[in-house]
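Protein chains in written order, with our numbering: chain A, 6 to 159; chain B, 6 to 159.
By construction, the Cβ of each residue, glycine as well, lies at the ideal position given by its N, Cα and C atoms.
Data block below; observations after.
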């Protein structure tokens, strides 16, 4: 080896591990990145949905301001998961069924129903009236279930 | 064992595994749930930030509509991570440093700077002028780095 080759060999040995781990951490396929994205969105949505459910069921004391904040968050976040359902992202570490791709129009419609119902809940929640909130919260829950039933693995 | 005990024993044997796995999947501590939440938010933000960065650097062809959509998404999502930085969530599976709790005011200020700069980018992006977009995109990037430098583990 000449000096350049030696220097390169040392540099590669020294940095190789860092490069490999970097590639492993960063280089996700578009499908893997889309799965992470939509799972992130659903994690956030569930985080805001949970306390509302507990308040509606009376497991947690109703707090109108907290409820409205959570309803606003779900309404805003409801627009995001759709971005993560891209072609080829229905295998691997996902509970999403390939039927989403086959029934794209129906899936899109169900996702839009969720957005519409979530926006309506945010609106109703501003009023702070639990009696008015309950049925609309139910509709949001139904819009989740309608999609999960068809398109989410058990 | 009487009949009731026998029935219970069979029922427990049959459902035990399902119950255990369910508990494992669902019962996260508030700190763990908060970590998942903020990591979800950052995953989504990065997903929208990446293509903008590639366009600004000329690695991807500039598409004004796509850029504006991503800028809108980052502006909307910038409001969410703060919800996930709760007391006691700075150990375990997280890159967030405990200094966040010690310097809460500074952390909050840095998070707000990110929100302000992201909102300004969404506004500039509507114009579709890459020359105007570039410096504001830089400011958003700086607001990310300012926080990561102090409060994110390497």
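Original post:
Do you know how far the Cα of residue 42/A is from the Cα of residue 49/B?
Top reply: Reading the second chain from its first residue, position 44 is the one you call residue 49/B. Reading the first chain from its first residue, position 37 is the one you call residue 42/A. So the alpha carbons of these two residues sit roughly 5 Å apart.
Original post:
Grouping DSSP H, G and I as helix and E and B as strand, with all else coil, what is residue 25/B?
Top reply: Start at 1 with the first residue of the second chain, and residue 25/B comes out as number 20. Confidence is the limiting factor: at residue 25/B the pLDDT is only 38, short of 50, which leaves the residue's position unreliable, though a coordinate-based value still follows. Helix, per DSSP.
Original post:
Within this structure, are the beta carbons of residue 70/A and residue 53/A separated by less than 9 Å?
Top reply: The residue given as residue 70/A occupies position 65 in the first chain. The residue given as residue 53/A occupies position 48 in the first chain. Their beta carbons are not under 9 Å apart, which means residue 70/A does not touch residue 53/A by this criterion.
**OP:** Mark residue 132/B as exposed unless 16 or more other C-beta atoms lie within 10 angstroms of its C-beta, in which case mark it buried.
**Re:** Numbered from its first residue, the second chain carries residue 132/B at position 127. Classification for residue 132/B: exposed.
**OP:** Can you give me, in chain order, the residues of the region 48-61 of chain A that have a beta carbon less than 7 Å from any beta carbon in chain B?
**Re:** 48, 49 and 52
Original post:
What residues from chain B crowd round residue 81/A, counting only those whose CB sits closer than 9 Å?
Top reply: Taking the first residue of the first chain as 1, we reach residue 81/A at position 76. Within chain B, the residues near residue 81/A are 81, 82, 84 and 85.
Original post:
For the region 30-41 of chain B, which residues have a CB atom closer than 7 Å to at least one CB atom of chain A, in sequence order?
Top reply: Closer than 7 Å at the C-beta level to chain A, one finds these residues of the region 30-41 of chain B: 38 and 41.
Original post:
In angstroms, rounded to a whole number, what distance separates the CA positions of residue 122/A and residue 86/A?
Top reply: Mapped onto the first chain, residue 122/A falls at position 117. Mapped onto the first chain, residue 86/A falls at position 81. If you draw a straight line from the Cα of residue 122/A to the Cα of residue 86/A, it comes to about 15 Å.
Subject >> Buried or exposed by the 16-neighbour rule on C-beta atoms within 10 Å, applied to residue 126/B >> reply: Numbered from 1 along the second chain, position 121 holds the residue referred to as residue 126/B. Buried.
**OP:** Report yes or no: is there a C-beta of chain B within less than 9 Å of the C-beta of residue 127/A?
**Re:** As a position in the first chain, residue 127/A is number 122, starting the count at 1. It does not: the Cβ of residue 127/A has no partner Cβ on chain B nearer than 9 Å.
**OP:** Kindly indicate which three-state DSSP category residue 154/A falls into: helix, strand or coil?
**Re:** Mapped onto the first chain, residue 154/A falls at position 149. Three-state result, residue 154/A: helix.
Subject >> Closer than 8 Å at the beta carbon, the chain B residues around residue 101/A >> reply: Locating residue 101/A in the first chain gives position 96, counting from the first residue. Under the 8 Å cutoff, chain B gives no residues; its nearest Cβ is about 16 Å from residue 101/A.
Original post:
By DSSP, does residue 101/A sit in helix, in strand, or in coil?
Top reply: In the first chain, the residue the question calls residue 101/A occupies position 96. Looking at residue 101/A - three-state DSSP - the assignment turns out to be strand.
**OP:** Return the CA-CA distance between residue 101/A and residue 157/A, expressed in angstroms with no decimal places.
**Re:** Translated into positions along the first chain, residue 101/A becomes position 96. Translated into positions along the first chain, residue 157/A becomes position 152. Roughly 5 Å separates the two Cα atoms.
Original post:
Taking C-alpha atoms, which residue in 106/A, 146/A, 153/A and 103/A lies nearest to residue 62/A?
Top reply: Stepping through the first chain from its first residue, residue 62/A is reached at position 57. Ranking 106/A, 146/A, 153/A and 103/A by Cα distance to residue 62/A puts 146/A first.
Subject >> chain B contact for residue 108/A (CB, 9 Å cutoff) >> reply: Position 103 of the first chain holds residue 108/A. Chain B, which has no Cβ nearer than 9 Å to the Cβ of residue 108/A, makes this no.
Subject >> Within chain B, partners of residue 124/A - CB distance below 9 Å >> reply: Here residue 124/A refers to the residue found at position 119 of the first chain. Those do not exist, as residue 124/A stays about 14 Å from chain B at its closest Cβ, beyond 9 Å.
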